[in-house]
Amino acid sequence: MAEKFGDELVSLVVDYRMKHHIEVVTLPDPIAPSPGMTTAKQPIKKEDSKKISLELFEKGVSIPEIAETRELTVQTIEGHLAFFIQKGELAIDGLVAEDKKQVIEKKVTEMPNSTLRELKIALGDDFSYGEINFVRSHIQYLREI
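Rendered as structure tokens:
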């Protein structure tokens with residue numbers, strides 16, 4: 331079931347979070363160690379996780395390799411990079427071919443309040459969720475500057 335609906339579910343969640351400017355918050359562990367105690371592994375903060383993905387990408391590591399190395403999904407890494415595109419800290423150049431970028435930009439302009447899923451359906455199989463998310467994040471950045 332996860333294989334069949336995983337991408338679709340991720341895109342719906344990403345759409346909702348972006349539309350409502352919701353940042354994911356990790357709640358503290360209810361059985362947290364007492365001060366002074368050490369644990370084998372400390373969780374990485376969400377902001378740090380995104381930054382790690384960005385730094386690896388900027389070093390030339392591919393998105394699938396980052397996902398595999400970090401034991402995250404490709405969609406998660408694409409979401410991290412889209413976050414930095416929307417903030418203007420990562421250029422979209424090289425992430426989406428120029429001809430695809432133009433087609434996606436046109437569709438986003440035609441369907442401004444659409445979800446990633448709706449855009450994906452309208453654009454078809456030649457476009458990935460990641461490409462659409464990158465272009466949409468770039469457009470949002472340009473609107474905010």
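Plus 330 on top of the position in the sequence shown (first one is 1) and you've got the numbering used here.
Think of the CB as a built atom: it goes at the ideal place given N, C-alpha and C, for glycine as much as any other residue.
All figures in this text were calculated on a predicted structure; none of them were measured in a lab.
So, under 8 Å CB-CB, residue i and residue j are touching, yes? Tell me the CB distance rounded to an integer number of Å.
i           : j           : result
residue 415 : residue 458 : Not quite, the Cβ-Cβ distance comes to about 15 Å (not below 8 Å), so this is no contact.
residue 471 : residue 389 : That belief does not hold up - the Cβ atoms of residue 471 and residue 389 are roughly 23 Å apart, past 8 Å.
residue 469 : residue 448 : Between residue 448 and residue 469 the Cβ distance is about 15 Å, and since that is not below 8 Å, they are no contact.
Exposed or buried, which one is residue i when buried takes at least 16 other CB atoms within 10 Å?
i           : result
residue 460 : buried
residue 397 : buried
residue 475 : exposed
residue 406 : buried
residue 473 : exposed
residue 380 : buried
residue 483 : With the chain covering only 331 through 475, there is no way to say anything about residue 483.
Going by beta-carbon coordinates alone, are residue i and residue j separated by less than 9 Å?
i           : j           : result
residue 408 : residue 393 : yes
residue 437 : residue 452 : yes
residue 383 : residue 411 : yes
So which of the options has the shortest CA-CA distance to residue i?
i           : options       : result
residue 432 : 455, 462, 413 : 462
residue 378 : 391, 413, 405 : 413
residue 464 : 441, 455, 427 : 427
Hey, is residue i close to the ligand ZN, as in C-beta under 8 Å from one of its heavy atoms?
i           : result
residue 389 : No copy of the ligand ZN appears in this structure; indeed no ligand is present at all.
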